[in-house]
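Quick mapping for you: the protein sequence lines, in order, are chains A and B.
Counting in my numbering, the first sequence runs from 688 upward without gaps.
Counting in my numbering, the second sequence runs from 68 upward without gaps.
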Amino acid sequence: MTAYAARFPILSRLLHWLMAAMILAMLFIGIGMVATVSKRYELLVSIHRPLGIAILILVVVRLVNRCLNPPPALPDTVPPVQRWAAKASHIVLYASMVAMPLVGWGMLSAERYPIVLYGPLQLPSILPHNVALYAWLRSLHTYLAYLLFFTFLAHFGAALFHGLIRRDGVFESMASWRSRASK
Amino acid sequence: MSDDQSGETTSKRPLTTAGVVIRLGAIGVAVLCVAGAFAYTGGWLSPRRLTEDRMLAAFTDAEGLHPGFRRNHAKGVCVSGWFDSNGQAVSFSTTTVFKPGRTAIVGRFGLSGANPFQADQPAIVRSMAVKFLLPGAGEWRITMNNEAVFGVNSAQGFRDQVLASIPDPATGKPDPAKVKAFMAAHPETVRAMAVIKQSPPSQGFADSTFNSLNAFRLVNAAGVSIPVRWATVPMQPFAAESAARSASNDENYLFDDLIQQIHQHPLRWRLMITIGQPGDPTDDATLPWPADRQQINAGTVTIDEVSSEDTGPCAYVNYDPLVLPSGIAPSDDPLLSARSAAYSRSFTLRAGEEAEKPPSAITRQDVQAGGKS
């Protein structure tokens, strides 16, 4: 067996960990702000909107980067079912990352609620004023959040499985910052 | 381990069965911890935490579920008109609303309570909500009541008050024991009631003064931030509540009078801004500010159109007190977050119930008829 020593490109790793922190924070902020009437609500909402837009911008950067710097292939030792699961979960993760901020932006647009990012900086409406559309998108926002969270849990569990049990270098391809001779 | 070991994978010794089980367990614990933290944040592990849904459930418990209507201040009508700013508040805030000129407004008059078909009574709290449609970006949404101060100073207090006021099915009145227990637990409400009683209700909406109750902050071009409260003060002369009118058979007498008056001539209010001094309470809406505080007349609100909520422009406006333009900021009053959170949930619920919503108490025909009386 040859050693699997592949690494994600440095920019990919930076984007991954930066966005991991932002998305996890976003999920907790989102679920927290709809479950409180305390003073935290105002603070959480004021972070939620600009952070969501920042994630939307970064996911575009990340997708472009992914095309320019493709990720390393999984080692040959990974069974086909796990390959498939990895691919499917990554598609769900990327799709949610793009969809969540757009649905959030869209639902507030359909409500005609001012989408203030910071101070006078405000987003334009991207959908017509439609209450039924708002209600639909608002539910979708919640369901997508649960989907994203559970996919994240699977991703997190799988990463630990690679790192602690399979020990096949997949975890290190993203999580290790030590230099390696090979790419 | 050395720094550059390309052969580390092959050098690893295979795990024992016990090793695999322990590692699998550790992974499980790690995943469960994250899931548990998420569940905790979402309130699922804290049944006593006051969430948006638990707050709104109090209104439904008190007065039943009325699909498609606001969960509180359910009965109301839409109005529209404009705000003429005289420029006198410009030095206190950068908002364009206060620059001399005219801003279009969409407003709403309502009655407190979750029942959209309750009969109008003088003692029910009246509300006025205004959305200022700023030129360019930005909006200002304000909601005010015809009480001098608010009866509670926290979301929990508000919920307790709603629950204590649920009429006993046997007597049709709130259970005196529950009311007594609420008052004992909320001395701030007892004090607030005494202040509120000093200004008895007027005859109708048109001669009511509506107060912001919560404090806000105005921020000027120099970045100076001052605490304020505001009120819309009627230019219509005050008339004391008349028993003859309120005892009439018209269950919508307050709204019918309002419709009739607007059809006769536009109604006007002065937007009065009270400038707070250091030490004036900004985080407690039950406490009045000293009467000698400086007041600024920022301009005039004119209402010249009224419409049923079934078709009117206010129907699906969430009069969220945290929709503020640049130059107006929230204070440290905890009720602002509570109101914003609860209004948002109320809006989402009623938006989803749009198809089930029955006609409002005041229909388009009622408005066209000029307010039946």
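Every residue, glycine too, gets a C-beta built ideally from N, C-alpha and C.
This one's a predicted model, so the numbers in the text were calculated from it and none came from an experiment.
Cβ of residue i less than 9 Å from any chain A Cβ?
| i | result |
| --- | --- |
| B/Thr76 | Legend: pLDDT at B/Thr76 = 46, less than 50; position of this residue unreliable, no value from coordinates given. |
| B/Ser279 | no |
| B/Gly109 | yes |
| B/Ser73 | Because the pLDDT at B/Ser73 is just 42, under 50, the model does not fix this residue reliably, and the point stays unresolved. |
| B/Phe414 | yes |
| B/Leu132 | no |
| B/Phe126 | no |
| B/Glu255 | no |
| B/Tyr383 | yes |
| B/Val390 | yes |
| B/Thr118 | yes |
| B/Val368 | no |
| B/Glu441 | Outside the displayed span of chain B (68 to 440) sits residue 441 of chain B, for which this structure offers no information. |
| B/Leu82 | yes |
| B/Arg90 | yes |
| B/Lys79 | yes |
| B/Val101 | yes |
| B/Glu376 | no |
| B/Phe150 | no |
| B/Asp70 | Here B/Asp70 scores only 41 on pLDDT, less than 50, and its place in the model should not be relied on; the value that follows carries that caveat. True, the Cβ-Cβ gap to chain A drops below 9 Å. |
| B/Ile209 | no |
| B/Asp399 | yes |
| B/Glu206 | yes |
Since residue i contacts residue j with CB under 8 Å, what's their CB separation in whole angstroms?
| i | j | result |
| --- | --- | --- |
| B/Ala298 | B/Asn319 | No, B/Ala298 and B/Asn319 are not in contact; Cβ-Cβ is about 25 Å, not under 8 Å. |
| A/Trp792 | A/Leu810 | 6 Å |
| A/Ser796 | A/Ile813 | 5 Å |
| B/Ala352 | B/Asn220 | 6 Å |
| B/Asn300 | B/Trp336 | Contrary to the premise, residue 300 of chain B reads as Val rather than Asn in this sequence. Confirmed, about 6 Å. |
| B/Ala124 | B/His133 | In fact, because the Cβ distance is near 14 Å, the residues do not count as touching under 8 Å. |
| B/Phe217 | B/Phe150 | Not quite, the Cβ-Cβ distance comes to about 24 Å (not below 8 Å), so this is no contact. |
| B/Ser152 | B/Gly168 | 6 Å |
| A/Ser776 | A/Leu831 | Their Cβ separation, rounded to whole angstroms, is 15 Å, which puts A/Ser776 and A/Leu831 out of contact at 8 Å. |
| B/Met339 | B/Gln361 | Rounded, the Cβ-Cβ distance is 11 Å, inconsistent with contact. |
| B/Leu325 | B/Ala273 | 6 Å |
Provide the residue span of the alpha helix (DSSP H) that contains residue i, from first to last.
| i | result |
| --- | --- |
| A/Ile876 | As displayed, chain A neither begins before 688 nor continues past 870, which places residue 876 of chain A out of reach and without an answer. |
| B/Phe322 | 320–331 |
| B/Thr229 | It should be noted that the sequence gives Val, not Thr, for residue 229 of chain B. Looking at the DSSP string, the run of the alpha helix (DSSP H) that includes B/Val229 is 222–231. |
| B/Pro243 | 243–252 |
| B/Leu280 | From DSSP, B/Leu280 is part of no alpha helix (DSSP H); its letter is neither H nor E. |
| A/Arg853 | Here A/Arg853 belongs to no alpha helix (DSSP H), and DSSP marks it neither H nor E. |
| B/Thr84 | 84–108 |
| B/Phe217 | Counting along the chain, B/Phe217 falls outside any alpha helix (DSSP H), and DSSP gives it neither H nor E. |
| B/Asp128 | 119–130 |
| B/Gln435 | 431–435 |
| B/Ala310 | 310–313 |
Taking only beta-carbon positions, decide if residue i is within less than 9 Å of chain B.
| i | result |
| --- | --- |
| A/Tyr728 | yes |
| A/Thr838 | no |
| A/Arg854 | yes |
| A/Val747 | no |
| A/Pro807 | yes |
| A/Val818 | yes |
| A/Met709 | no |
| A/Leu831 | no |
| A/Gly719 | yes |
| A/Leu888 | Because chain A here runs from 688 to 870, residue 888 of chain A falls outside it and cannot be looked at. |
Check for me: the beta strand (DSSP E) holding residue i runs from which residue to which?
| i | result |
| --- | --- |
| A/Ala722 | It is not in any beta strand (DSSP E) - A/Ala722 carries neither H nor E in the DSSP assignment. |
| B/Ala298 | 292–301 |
| B/Thr341 | 334–342 |
| B/Phe283 | 283–286 |
Mind checking whether the beta-carbon of residue i lies closer than 8 Å to any heavy atom of the ligand MG?
| i | result |
| --- | --- |
| A/Arg700 | As for the ligand MG, it is missing from this structure, which has no ligand bound. |
message = Threshold first: 3 residues or longer. Then list the beta strand (DSSP E) segments lying entirely within the stretch 345–388 of chain B, N to C.
response = 362–375
task = Only counting runs of 3 or more residues, tell me where the beta strand (DSSP E) segments fall wholly within the stretch 134–212 of chain B, in order along the chain.
result = 142–152, 168–178, 193–200, 206–212
key: Unbroken stretches of the alpha helix (DSSP H), 4 residues or longer, contained in the stretch 739–821 of chain A   = Complete alpha helix (DSSP H) runs here, min 4: 767–798.
key: Runs of beta strand (DSSP E) wholly within the stretch 390–415 of chain B (minimum 3 residues, chain order)   = 395–397
ask   = Is the number of C-beta pairs between the stretch 286–294 of chain B and the stretch 320–338 of chain B that are closer than 8 Å three or more?
value = In short, these stretches do not touch, since the Cβ pair count stays below three.
Three or more C-beta pairs below 8 Å linking the stretch 109–126 of chain B and the stretch 717–728 of chain A = At 8 Å Cβ cutoff, the stretches touch.
Sufficient close CB pairs (3 or more, under 8 Å) joining the stretch 221–234 of chain B to the stretch 415–429 of chain B = no
message = Pairs of beta-carbons, one from the stretch 361–376 of chain B and one from the stretch 697–705 of chain A, closer than 8 Å: are there three or more?
response = no
Meets three-Cβ-pair contact criterion under 8 Å: the stretch 169–188 of chain B and the stretch 381–388 of chain B = yes
query = Quick check: the stretch 815–829 of chain A against the stretch 744–761 of chain A, are there 3 or more CB pairs under 8 Å?
reply = No: fewer than three Cβ pairs fall under 8 Å.
message = If contact is defined by three or more beta carbon pairs under 8 Å, each pair taking one atom from either stretch, is the stretch 239–255 of chain B in contact with the stretch 185–200 of chain B?
response = The stretch 185–200 of chain B is not in contact with the stretch 239–255 of chain B.
ask   = Is there contact here, the stretch 99–109 of chain B with the stretch 711–721 of chain A, by at least three beta-carbon pairs under 8 Å?
value = As far as the Cβ criterion goes, the stretch 99–109 of chain B touches the stretch 711–721 of chain A, which means the pair count is three or higher.
query = Counting Cβ pairs, one atom from each stretch, are 3 or more of them under 8 Å apart for the stretch 91–106 of chain B and the stretch 843–857 of chain A?
reply = Contact between the stretch 91–106 of chain B and the stretch 843–857 of chain A is present: 3 or more CB-CB pairs across the two stretches fall below 8 Å.
Touching by the beta-carbon criterion (3+ pairs, under 8 Å), the stretch 311–318 of chain B and the stretch 341–351 of chain B = no
query = Okay, do the stretch 236–245 of chain B and the stretch 427–439 of chain B touch, 3+ Cβ pairs below 8 Å being the bar?
reply = The answer is no - the stretch 427–439 of chain B does not touch the stretch 236–245 of chain B, with fewer than three Cβ pairs under 8 Å.
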